[in-house]
Amino acid sequence: MKLRNWLLAATACVSAAPTLAAAQETEIGEIIVTARKRQESILNVPVIETAIGQAQLERMQTQDLKDISKLVPSLSLGSAIGALGTQVSLRGIGTSTSNAGVDQSVSLNLDGLQLSQGLAYSSGMFDVAQVEVLKGPQALFYGKNSPGGVIAIRTADPGSEFEVIGRYGHEIMAEENRAELIVSGPVTDTLGLRLAALYDVADGYYRNEAIAAPGTGALAPEKRSAPTTRSHMLRGTAVWRPTSQFNARLKLNWVRDRVIGGDAGQIISCPDRVSAPSGVPFLGGGEDCVKNRTLRTVNMDPAAFLGVRNGGEPYRTTNQQFGVLELNYSPTPEITLNSTTGYYRVETESSLNGSLSTYAGPGLVSDTSFDREDFTQEVRANSDFTGPLNFTLGAFYQDGEITNRTTLFGNTAIRLPRFLASYVHNIDIKSVSAFGQLRWAVTDQLEVAGGARWTDEERSNAPFNLITGAPVAFPIAVPKIQSDNVSPELTVTYRPTDDLTVFGSLKKGFKSGSFNLNPLSGVRPDISFGDEKVEGGEIGLKSRLLDRRLAMNLSAYDYRYTGLQVGVNEPAQNGVPVARTLNAGSALVYGVDFDVSYRPPQLEGLEVHGAVAWNHARFKTLNNVPCWGGQSVGEGCNQALNPATGLFTGQNLEGRPLVRAPDWQANFGFSYETDIGHGMSVVLANENQYSSKYLTVLGLRDDFYQRGFIKTDLSLTFRGPEERWEFALIGKNLGGELTTGNCSVSNIANGSVLGGQVTGGTTRGPAGIDEVACYMDRGREVWLRLTVRPFN
Numbered sequence: 001m002k003l004r005n006w007l008l009a010a011t012a013c014v015s016a017a018p019t020l021a022a023a024q025e026t027e028i029g030e031i032i033v034t035a036r037k038r039q040e041s042i043l044n045v046p047v048i049e050t051a052i053g054q055a056q057l058e059r060m061q062t063q064d065l066k067d068i069s070k071l072v073p074s075l076s077l078g079s080a081i082g083a084l085g086t087q088v089s090l091r092g093i094g095t096s097t098s099n100a101g102v103d104q105s106v107s108l109n110l111d112g113l114q115l116s117q118g119l120a121y122s123s124g125m126f127d128v129a130q131v132e133v134l135k136g137p138q139a140l141f142y143g144k145n146s147p148g149g150v151i152a153i154r155t156a157d158p159g160s161e162f163e164v165i166g167r168y169g170h171e172i173m174a175e176e177n178r179a180e181l182i183v184s185g186p187v188t189d190t191l192g193l194r195l196a197a198l199y200d201v202a203d204g205y206y207r208n209e210a211i212a213a214p215g216t217g218a219l220a221p222e223k224r225s226a227p228t229t230r231s232h233m234l235r236g237t238a239v240w241r242p243t244s245q246f247n248a249r250l251k252l253n254w255v256r257d258r259v260i261g262g263d264a265g266q267i268i269s270c271p272d273r274v275s276a277p278s279g280v281p282f283l284g285g286g287e288d289c290v291k292n293r294t295l296r297t298v299n300m301d302p303a304a305f306l307g308v309r310n311g312g313e314p315y316r317t318t319n320q321q322f323g324v325l326e327l328n329y330s331p332t333p334e335i336t337l338n339s340t341t342g343y344y345r346v347e348t349e350s351s352l353n354g355s356l357s358t359y360a361g362p363g364l365v366s367d368t369s370f371d372r373e374d375f376t377q378e379v380r381a382n383s384d385f386t387g388p389l390n391f392t393l394g395a396f397y398q399d400g401e402i403t404n405r406t407t408l409f410g411n412t413a414i415r416l417p418r419f420l421a422s423y424v425h426n427i428d429i430k431s432v433s434a435f436g437q438l439r440w441a442v443t444d445q446l447e448v449a450g451g452a453r454w455t456d457e458e459r460s461n462a463p464f465n466l467i468t469g470a471p472v473a474f475p476i477a478v479p480k481i482q483s484d485n486v487s488p489e490l491t492v493t494y495r496p497t498d499d500l501t502v503f504g505s506l507k508k509g510f511k512s513g514s515f516n517l518n519p520l521s522g523v524r525p526d527i528s529f530g531d532e533k534v535e536g537g538e539i540g541l542k543s544r545l546l547d548r549r550l551a552m553n554l555s556a557y558d559y560r561y562t563g564l565q566v567g568v569n570e571p572a573q574n575g576v577p578v579a580r581t582l583n584a585g586s587a588l589v590y591g592v593d594f595d596v597s598y599r600p601p602q603l604e605g606l607e608v609h610g611a612v613a614w615n616h617a618r619f620k621t622l623n624n625v626p627c628w629g630g631q632s633v634g635e636g637c638n639q640a641l642n643p644a645t646g647l648f649t650g651q652n653l654e655g656r657p658l659v660r661a662p663d664w665q666a667n668f669g670f671s672y673e674t675d676i677g678h679g680m681s682v683v684l685a686n687e688n689q690y691s692s693k694y695l696t697v698l699g700l701r702d703d704f705y706q707r708g709f710i711k712t713d714l715s716l717t718f719r720g721p722e723e724r725w726e727f728a729l730i731g732k733n734l735g736g737e738l739t740t741g742n743c744s745v746s747n748i749a750n751g752s753v754l755g756g757q758v759t760g761g762t763t764r765g766p767a768g769i770d771e772v773a774c775y776m777d778r779g780r781e782v783w784l785r786l787t788v789r790p791f792n
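Going by our numbering, the final residue of the sequence shown carries number 792, and the count climbs one at a time with no gaps.
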């Protein structure tokens, strides 16, 4: 579609606005963002981004990034098991692989710390000051390149006044209790401290009604609510400003999460019903194979799975420690020097029912210990001369290590060996980059900026096979990979008035390759995959109209991706399921974003907003993708013939949508604040999210899609004098829509490890075709929340 047609189509859309200033102001307030690593008005920055402030986050009980997706069209998230963590996509570009060794295509920047491991994406949504979502490749300013975009979270700093905030919330549907305590204020004239603590415990939104088949290695779950969770978080902040030229900010975080009963995994499609092709009833016990609030996943009997942890009850425990030290020094009024030092450590262990079996014990248990440690250092210089030329120069360094140990226990009750696989991958990461941008103010209204980032990254993998109990080095064909990339960027910004900005940009970006952390075998000695790259451009218009009561923004983009790192599941090899990451051929992603917000002068305190995004994300070339289990020639499994078996192994997905890439997404809502006398006020707010259907797993089946949906949130908040107390009633996803952003396929009816499937032939085998299992998002939430600020 031509760019002019995009713009015409977009004018029919209504869209959404970033954070607004205080509700009692008629004029839309200024929003300061750091999209180019310096403070600028969102109206002036030549980047497509959404900014969400603290008031809006708290109004709707925003607890995680999935809540952010309700406010940002084109942002989609999926839950995943074990060490995979959250899977994030922007405009369909994101991680869709069951591989903890892959970096996310949409990076997370938490208080200046650049992160890309999925587990980190659940740790930042507490005591947050502002969230910025930058769409499209962000090669120049954010650590290593982020080809899908960046989610930048800035947590709250100590203010100039002493404050204590206590907050308690109870959620009815999942029996969740959440307590927060924040103590903050100045210690001296130059030093401020803030301590924020969180405790959260929940029984779980779903019910696990599994029945255990005797003698099969299964146990009935002790806890029927699922998943039960317990979280602790502690954050300390110190801000020191000894002079007008120097300041320092230190953030230290500790997070512990424990999930019992699995990660809300549910079988949603059983094309072969719940038959037992091998005679073992892995599916049964009332399993209905549809999305609902009832899960049926059995525990594992330790007598059948020798060495299984946590008494055979599925679980995941995650500990994270991370911190950031930011130093800013201005030797002259025109030059600012910055140093950002970051440290991140995540340790997680999990034990999972490997096939989500609902009646008999699973064919295997996946037991994993994952450890990642990163040290990062960025230095940067910014100029602010009165003349026409200014610059940004900097360098970035990363030293990272990943250790992933996985043991697949076999079900001895059905005569499988005790160990199906046991292995460890040790990955070392070294990354160095340098970046720079030159900005030329051609006139007072016109700026041209050009820059580039050079990156050199090396990763090595030293895997060991542990199946015999002693580590045995496993030779791989490619033990070391290297990326050497230059990503340029050119932007042109025109500001004819203080309330209008028109911009255009051309960009390139990349993300380095890595290794598959899969079971070790001689079948695929090369377990590496290559870089993901992107090039393209965008144009946009940002405006403030009607005496700044109306904000309206319009943008269009067109990008081509090559080497997309996508995840696929293969039929079991030697009794072991295989999920791997491969480089897709190429994809085209283009579309339109349009957003608007309005504060009518006739009703003080009312703000209405809406947003829409049309996104066309399709594979241009993608051949020889592994077929799903049982897929026939007539169903598209007609590539990559195996001469030894006479069966095909691959399929062509050219023209198919990317995973988590709906064509249409929108949000709209309002907030209204008014005084009710005696110093008290009330706030009524609403948010609505719409998404058209999208794929949850790569492939050619109708049951791989999440259908379109609408979710509605509503809150009513009463505030006392000077906001010393606040009581809120909050409803989230009031329609109770059950949705997912991440699914997988395997032969669950046959335990995922037993034979009998025929893939790539003209007829099916006795084991039929793969079932679909999804990791479900939470359904309806009803919160009662009390907040006190006794020193306001």
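Idealized CB from N, CA, C, for every residue including glycine.
Owing to the predicted nature of the structure, the values given are computational and were not obtained by experimental measurement.
Pairing G585 with L546 gives a Cβ-Cβ distance that is not under 8 angstroms. Within the DSSP secondary-structure output, P488 pairs in a beta bridge with A452.
The beta carbons of A421 and G217 sit no closer together than 8 angstroms. Contact annotation: the region 620-634 touches the region 745-762, with at least three C-beta pairs closer than 8 angstroms.
Under the three-pair Cβ rule at 8 angstroms, the region 530-542 counts as touching the region 499-514. By the criterion of at least three beta-carbon pairs nearer than 8 angstroms, the region 446-460 is in contact with the region 416-433. Positions of the beta strand (DSSP E) runs, each at least 3 residues long and wholly inside the region 35-109, are given as 49-53, 75-78, 87-90 in order along the chain. Pairing P314 with A83, the inter-Cα distance amounts to about 14 angstroms. Taking the Cα positions, L352 is about 10 angstroms away from V298. Per DSSP, R230 is one residue of the beta strand (DSSP E) stretching across 228-240. Here Q61 is buried. Its C-beta has 16 or more other C-beta atoms within 10 Å. Listed in chain order, the non-local C-beta contacts of I467 below 6 angstroms within the same chain comprise F419, S422, local neighbours out to five positions each way being set aside. In this structure, N733 and G779 form a Cβ contact; the two beta carbons are roughly 6 angstroms apart against a cut-off of 8 angstroms. Going by DSSP, K732 is part of the beta strand (DSSP E) stretching over 725-732.
Taking 3 residues as the shortest admissible run, the region 146-219 contains the following complete beta strand (DSSP E) segments, listed from N- to C-terminal end: 149-155, 163-171, 176-186, 191-202, 206-208.
CA-CA distance, Y329 to L438, rounds to 21 angstroms.
Spatial neighbours of A304 in its own chain (CB-CB distance under 7 angstroms, excluding positions within 5 residues in sequence) are listed in chain order as G217, G361, N411, T412, A413. Comparing alpha carbon positions, the residue from V365, K542, I153 closest to D127 is I153. For the 8 angstroms CB-CB criterion, G101 and I402 form a contact. S244 has no beta-bridge partner at all, per DSSP. Taking the Cα of R224 as reference, the smallest distance to any Cα among D203, T243, D67 is reached at D203. Counting only residues of its own chain and dropping the five nearest sequence neighbours on each side, G768 has a CB closer than 6 angstroms to the CB of D272, G630. Contact annotation: the region 606-619 touches the region 663-681, with at least three C-beta pairs closer than 8 angstroms.
Cβ neighbours of F385 within its own chain (closer than 7 angstroms, five residues either side excluded): E334. Within the same chain, and ignoring the five residues on either side of E373 in sequence, the residues whose Cβ sits closer than 6 angstroms to its Cβ are R345, E401. With 16 or more other Cβ atoms from the protein chains shown falling within 10 Å of its own Cβ, L65 counts as buried. Put simply, the region 319-329 touches the region 99-116. At least three CB pairs are less than 8 angstroms apart. For V683, the three-state secondary structure derived from DSSP is strand.
Here P496 has Q445, V502 as same chain residues with Cβ atoms under 8 angstroms from its own Cβ, once five neighbours each way along the sequence are excluded. Burial check for S160: the Cβ neighbour count within 10 Å stays below 16, so the residue is exposed. In this structure, the CA atom of R230 is about 21 angstroms from the CA atom of G236.
For V442 and V239, the gap between their C-alpha atoms comes out near 38 angstroms.
Annotation: I268 to Y705 spans about 11 angstroms, alpha carbon to alpha carbon. Remark: C-beta atoms of G679 and P721 approach each other more closely than 8 angstroms. Below 8 angstroms, enough C-beta pairs join the region 701-720 and the region 736-748 to call them touching: three or more. As far as DSSP is concerned, G708 takes part in no beta bridge.
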